Structure formats: structure tokens, C-alpha cells
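Visitor: Below is a structure I'd like to ask you about.
Residue numbers (the numbering used here): 1 to 257.
Here it is in C-alpha cells:
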């Protein structure tokens, strides 16, 4: 794989799912990790699990709290960041019908969690990013298509791709690269909850719904967090020095563009 010894990598949303898988992948390649998540107990468990592999610092942090982000960046030791992975986010259904004030708030909260928090953290850490640093934003193949019943999540991932392209232009003169990864269907708790919602909406069993999903892939298998690791390791490394503003679909061929 790619040697990350001597490199510092910060991952948000690192306590579970894709973020936890990425933390392990970068730790196995020797990176010094800084892990963020708002779930303090789950984050502590990840740190304990990976501590034998590499140096790790962690911070329980709500990325919706600008003051808390400012405090975090103030308390950092100022060490330059080589890779920033904006992975934190949420996923839930927001159907159009039956909307009310509460559903409007959930819609806005999802965009804040998935897009605005990404911008806040990147902006706060900008002084620690240097020429050659890589920012990798977690998007989704749902940022490349439409999906009924999930308008807020789909809109947020479209926005992440737009943010990625804009920041690539803005940070390019500093020689900081910004790219996005668009995972397909992956075996995480969040994705399986969405599968349940879709199955119910379509009047199918979860197994039938999953079969429909996999039939739309060139390789009919669910992804795992480990399947994404190589793409992130590549994008964070000098091997990807010519790539910026790109959104790479990692979906077993469900989306080809």
C-alpha cells in the first residue's frame, strides 16, 4: 500500500462505519491520526482498538458548534495536516408528502450536518494545511443521481460535490488538493436503515430490495468500509498530485461517469 509514516491525517466521523474503517486503513499505513466524532464513548473504543498501530489523538466534537470547532483548533498543537478527511454526516429519509415544521427542521439539520459542518471544519483547519495537503470530502453516488424520499440527503451530497469543486479552485493556488469520494451501497448501519425505509416504501422485503439494488451494479455485491480504503489512501498521497476537484464513484459500477 502507500507509506504514511510521518504523515498526519485528521478524520471526522471516525467512531463508526466508513470513518472507523478509514482510521484503521491509515493507521495500518503508519499515519499519525487525529480522530473526531461527537460520540465520545464510541470514539474512545476506536482509539483503544487502534492505539497499538500508531499514534492517535482524539476529540469528541460536535461539528455543528462553531465555538467548539474554534476551541479545538486553538488546542491543537499546530502540527501541519497532510490529509483532512471530512467524513462526518448523517443519513435519513425526508419524504415530500406529510411535511410540516418539524420535517423542515430535519431537512435543514441534515444539510447543516453534511455540508456546512464540512465547510466549518475545513475553514478552521486551513492554517494547518500546507502545500501538498489533501482534503477528501465524503460524498455519495446519491450526489450524482436522484432518489425518491431522500431529498435532503441527496441535495446534501450534490452540495458536497459542488463544494469540492469550488474549494479545489479556491485552494489550488496554495497547492492544496480537494477531492470527493462517492461511495455506493456499503454495509454500514446508516445504509441498512435507508434500505429498510426504501423496502417499506416500495412494498418489498428488505432482501428483495437489496437484490434490486445489487442488480443495478456491475459487481453485485455490497461494499464494505475496507473497500473504500484504497481510494482514500491514493487521494491523500502524492500519487494523486494531479487530481483535484474530482468526485470518484466507488460503487461496484452502479454509477459510471
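Cβ coordinates follow ideal geometry from the N, Cα and C atoms, glycine included. As the structure is a prediction and not an experimental result, all values here were calculated from the model.
Can you give the Cα-Cα distance for residue 103 and residue 93, rounded to whole angstroms?
Guide: Reading the chain shown from its first residue, position 103 is the one you call residue 103. Reading the chain shown from its first residue, position 93 is the one you call residue 93. Computed Cα separation, rounded: 10 Å.
Visitor: Once DSSP output is grouped into helix, strand and coil, what is the label at residue 55?
Guide: Along the chain shown, one-based indexing puts residue 55 at 55. It is coil, neither helix nor strand.
Visitor: Please confirm whether residue 220 and residue 186 have their CB atoms less than 9 Å apart.
Guide: Your numbering for residue 220 matches position 220 in the chain shown. Your numbering for residue 186 matches position 186 in the chain shown. The answer is no: Cβ separation not under 9 Å.
Visitor: In terms of alpha-carbon separation, which member of 65, 122, 126 lies closest to residue 137?
Guide: Numbered from its first residue, the chain shown carries residue 137 at position 137. Selected option, being the one with the closest Cα: 122.
Visitor: Who are the near neighbours of residue 19 in its chain, counting only those whose CB is closer than 6 Å to its CB and skipping five residues on each side?
Guide: Mapped onto the chain shown, residue 19 falls at position 19. Same-chain partners within the cutoff: 11, 13, 87.
Visitor: Using 8 Å as the threshold, is the region 242–249 in touch with the region 159–178, meaning 3 or more CB pairs across them?
Guide: With the cut-off at 8 Å, the region 242–249 and the region 159–178 touch.
Visitor: Indicate whether residue 251 and residue 196 have their beta-carbon atoms separated by less than 9 Å.
Guide: Along the chain shown, one-based indexing puts residue 251 at 251. Along the chain shown, one-based indexing puts residue 196 at 196. No, they are not a contact pair.
Visitor: Is DSSP giving residue 158 helix, strand or coil here?
Guide: Numbered from its first residue, the chain shown carries residue 158 at position 158. Here residue 158 sits in helix by DSSP.
Visitor: Once the 5 residues before and after residue 202 are set aside, which same chain residues still bring their CB inside 7 Å of it?
Guide: Here the question's residue 202 lines up with position 202 in the chain shown. Residues of the same chain with a CB within less than 7 Å of the CB of residue 202, apart from the 5 flanking positions on each side, are 209 in chain order.
Visitor: Going by CA-CA distance only, name the one from 39, 81, 51, 73 that's closest to residue 62.
Guide: Working through the chain shown from its first residue, we reach residue 62 at position 62. Answer by Cα proximity: 39.
Visitor: Which residues mark the beginning and the end of the beta strand (DSSP E) in which residue 34 is found?
Guide: Walking along the chain shown from the start, residue 34 turns up at place 34. Residue 34 -> beta strand (DSSP E) spans 32–37.
Visitor: Would you check if there are 3 or more beta carbon pairs closer than 8 Å linking the region 79–86 to the region 52–62?
Guide: no
Visitor: Once you ignore the five residues that flank residue 27 on each side, which residues in its own chain have a CB closer than 8 Å to its CB?
Guide: In the chain shown, residue 27 corresponds to position 27, counting from 1. If you ignore the 5 residues before and after residue 27, its C-beta comes within less than 8 Å of the C-beta of 33, 50, 53, 54, 56, all in its own chain and listed in chain order.
Visitor: The alpha helix (DSSP H) spanning residue 202 covers which residue range?
Guide: Position 202 of the chain shown, counted from the start, is the residue given in the question as residue 202. Counting along the chain, the alpha helix (DSSP H) containing residue 202 begins and ends at 189–202.
Visitor: Could you give the distance in angstroms between the alpha-carbon of residue 143 and the alpha-carbon of residue 113?
Guide: For the purposes of this step, residue 143 is taken as the residue at position 143 of the chain shown. For the purposes of this step, residue 113 is taken as the residue at position 113 of the chain shown. Distance between the alpha carbons of residue 143 and residue 113 is about 15 Å.
Visitor: According to DSSP, is residue 46 helix, strand or coil?
Guide: To locate residue 46, count along the chain shown from 1; it is residue 46. Helix, per DSSP.
Visitor: From residue 65 to residue 43, what does the alpha carbon distance come to, in whole angstroms?
Guide: Residue numbering aside, residue 65 sits at position 65 when the chain shown is read from its first letter. Residue numbering aside, residue 43 sits at position 43 when the chain shown is read from its first letter. Answer to the nearest angstrom: the Cα atoms are 18 Å apart.
Visitor: Terminal residues of the continuous beta strand (DSSP E) containing residue 84?
Guide: Along the chain shown, one-based indexing puts residue 84 at 84. Counted as a single uninterrupted DSSP element, the beta strand (DSSP E) harbouring residue 84 occupies residues 81–86.
Visitor: Mind reading off the beta-carbon distance from residue 182 to residue 229? Whole number of angstroms is fine, and I expect it under 8 Å.
Guide: Position 182 of the chain shown, counted from the first residue, corresponds to residue 182. Position 229 of the chain shown, counted from the first residue, corresponds to residue 229. That belief does not hold up - the Cβ atoms of residue 182 and residue 229 are roughly 15 Å apart, past 8 Å.
Visitor: Have a look at the DSSP bridge pairing and note the partners of residue 177.
Guide: As a position in the chain shown, residue 177 is number 177, starting the count at 1. DSSP, once it has assigned bridges, lists 134 as partnering residue 177.
Visitor: DSSP on residue 120, reduced to helix/strand/coil?
Guide: The residue you call residue 120 lines up with position 120 of the chain shown. Correct three-state label for residue 120: helix.
Visitor: Return the chain-ordered list of same chain residues with a C-beta closer than 8 Å to the C-beta of residue 68, the five sequence neighbours on each side being excluded.
Guide: For the purposes of this step, residue 68 is taken as the residue at position 68 of the chain shown. So the qualifying residues of the chain are 61, 62.
Visitor: Specify the secondary structure class of residue 224 as computed by DSSP and reduced to three states.
Guide: As a working note, residue 224 is residue 224 in the chain shown. In the structure shown, residue 224 falls within a coil segment according to DSSP collapsed to helix, strand and coil.
Visitor: At what residues does the alpha helix (DSSP H) containing residue 247 begin and finish?
Guide: Here residue 247 refers to the residue found at position 247 of the chain shown. Residue 247 -> not in any alpha helix (DSSP H); beta strand (DSSP E) instead, spanning 247–250.
Visitor: When the Cα atoms are used, what is the spatial distance from residue 7 to residue 234?
Guide: Sequence index remark: in the chain shown, residue 7 carries index 7 (1-based). Sequence index remark: in the chain shown, residue 234 carries index 234 (1-based). Cα to Cα, residue 7 sits roughly 14 Å from residue 234.
Visitor: Could you tell me which residues DSSP puts in a beta bridge with residue 150?
Guide: Stepping through the chain shown from its first residue, residue 150 is reached at position 150. According to DSSP, residue 150 bridges with 94.
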